[in-house]
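Worksheet: the structure to be examined is printed underneath.
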Amino acid sequence: QELGSMYDYLAKIILLGPSNAGKSCLLHRFVKSEWRVLSSQTIGVEFASKIVKIGDSSGSSTAMNGTYRAGGRDSAPSRRKRIKLQLWDTAGTERFRSVSRSYYRGAAGAILVYDVNNSESFRGLGEFLRDARTLGSPQLSVVLVGNKKDLKEDPELAREVQEESLIDGVIAAGIGGGDGFGSLSSRTGTIGGAGNMPITLGSQQRATVAGEDDRGVSASIAGNWASRNRIPAAMEVSALSGDGVEEAFNKLARIILTKIELGEIDPDDPMSGIQYGDADYYRFDDGSSSIKSGGLTSDGYGGGTRRRRKPR
């Protein structure tokens with residue numbers, strides 16, 4: 001197995017929030033590092049995955065700034081870890097919520113997404129959060145993400161995006177609808193949901209444009225709401241430009257990892273939304289492609305040494 005595909009932990013993450021908040025575009029930006037106008041709404045869920053690296057040998061994070069405070073202590077992961085995020089993009093439309101809610105079960109983390117230009121989008125977050133905390137793992141970690149910050153800052157850009165969205169929507173409708181995340185999907189190795197392929201609806205979606213009739217949601221209002229609802233992090237991002245997207249997912253991964261290392265989450269618990277990964281057998285030197293000795297039993301893989309997995 002290639003070193004780059006190995007990981008310490010596997011975490012189930014859900015993206016949730018109202019329709020047209022840009023969840024699918026946000027996911028595509030994070031996984032593919034590119035912008036793409038998606039011309040169809042999500043029915044049920046779509047699935048993707050990505051490995052992120054959190055922390056370093058000194059215990060300070062190279063992926064993001066700040067620490068997670070738990071039990072009155074500021075904590076950071078003890079060494080650089082690789083976490084494979086299983087990302088479930090859930091439908092925000094009420095018509096399909098009964099399907100998407102079934103995928104909340106056993107989630108370790110949630111990205112709660114709203115449109116910063118649309119106050120109605122923000123007002124609908126409470127129900128999504130309640131469902132996630134009811135159905136997700138007992139130690140569910142949540143990050144609040146306001147998407148489309150670029151449209152609030154640049155009205156001219158907003159108009160250009162809307163025109164592009166309309167054109168792509170017509171083209172997609174002519175060929176039977178968009179293909180969603182077909183290239184990112186997996187049928188194997190999933191937590192709490194058995195390998196569903198993405199299902200999409202060929203209905204046109206338009207980019208939100210910040211107008212005078214909706215002054216949107218300020219960062220301070222979102223931050224206060226997050227504090228009242230025990231959400232440790234709130235931020236604004238842009239799926240279009242990529243600004244803040246990777247930081248949001250890394251922030252959630254770091255919160256989860258710190259809970260694991262503080263003993264608040266037990267990966268042996270099937271309801272935790274976390275599983276041990278294959279990297280548990282190996283010790284990495286992230287500065288090179290070599291595998292460093294862990295001082296236990298030799299496995300003959302590239303000169304490395306296998307470590308014993310935590311007793312189960």
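Residues 1 to 312 in UniProt numbering are what the sequence shown spells out, letter by letter. Backbone N, C-alpha and C fix where the C-beta goes; we use that ideal spot for every residue, glycine too.
Q139 and K23: beta carbons closer than 8 Å? no
Just the Cα atoms here: how many angstroms apart are C25 and A48? 12 Å
Nonlocal neighbours in the same chain, by C-beta distance under 6 Å from A70, ignoring five residues either side: Caution applies to A70, whose pLDDT of 46 falls short of 50 and renders its modelled position unreliable; the model cannot decide the point.
Beta-carbon contacts of D179 that lie in its chain and below 6 Å, excluding the five residues immediately before and after: Unreliable positioning characterises D179 in this predicted model, as indicated by a pLDDT of 36, which lies under 50. A coordinate reading is not provided.
Can you name the residues that DSSP bridges to R82? K53
If you draw a straight line from the alpha carbon of S137 to that of D266, how long is it in whole angstroms? 11 Å
What does the Cβ neighbour count give for E230, buried or exposed, with the cut at 16 atoms within 10 Å? It is worth fixing the name first, because residue 230 is Arg in this sequence and not Glu. Its Cβ having fewer than 16 others within 10 Å, R230 is exposed.
Rounding to the nearest angstrom, what Cα-Cα distance links G277 and A253 in this structure? 15 Å
Give the straight-line distance between the Cα atoms of S121 and V145, rounded to the nearest whole angstrom. 12 Å
Quick one: is R82 buried, meaning 16 or more other Cβ sit within 10 Å of its Cβ, or exposed? buried
CA-CA distance, S220 and D243? 19 Å
When DSSP builds the beta bridges, which residues end up paired with L144? L112 and A234
At 3 residues or longer, what runs of the beta strand (DSSP E) sit wholly inside the segment 236 to 276? 274 to 276
Rounded to whole angstroms, what is the Cα-Cα separation between V143 and K149? 16 Å
Just to confirm, does K12 get its C-beta within under 7 Å of one of the non-hydrogen atoms of the ligand GTP? Ligands are entirely absent from the displayed structure, and the ligand GTP is therefore not among its contents.
Let me check one thing: in DSSP terms, what residues is A21 bridge-paired to? None; A21 has no bridge partner.
Would DSSP call D89 helix, strand or coil? strand
From this set, L135, T134, M271 and V113, which residue's C-alpha is nearest L125's C-alpha? V113
Alpha carbon of P270 to alpha carbon of I13, nearest angstrom: 15 Å
Kindly indicate the opening and closing residues of the alpha helix (DSSP H) around A107. That residue, A107, is in no alpha helix (DSSP H); it is neither H nor E in DSSP.
Is the Cβ-Cβ distance between R29 and A222 less than 8 Å? no
Have a look at T90, S218, E236 and V237 and flag the residue whose alpha-carbon is nearest the alpha-carbon of F128. T90
Starting from Y9, follow its DSSP beta bridges and name the residues at the other end. I83 and Y276
As assigned by DSSP and simplified to three states, the class of E120: helix
If you follow the alpha helix (DSSP H) that R228 is in, where does it begin and where does it stop? A219 to R228
G273 versus A110: straight-line alpha-carbon distance, rounded: 11 Å
May I have the straight-line CA-CA distance separating Q86 from G216, to the nearest angstrom? 31 Å
Who pairs with residue 315 in a beta bridge, going by DSSP? An answer regarding residue 315 cannot be provided, because it is not within the stretch 1 to 312 covered by the chain.
Does the separation of the CB atoms of K84 and L15 fall below 8 Å? no
Take Y104 and list the residues in its own chain whose beta-carbon comes closer than 7 Å to its own, dropping the five residues that flank it on each side. I14, D131, A132, L135 and G136
Suppose the cutoff is 6 Å on Cβ atoms and the five residues either side in sequence are ignored; what does the same chain contact list for I256 look like? A11, A108, G109 and S141
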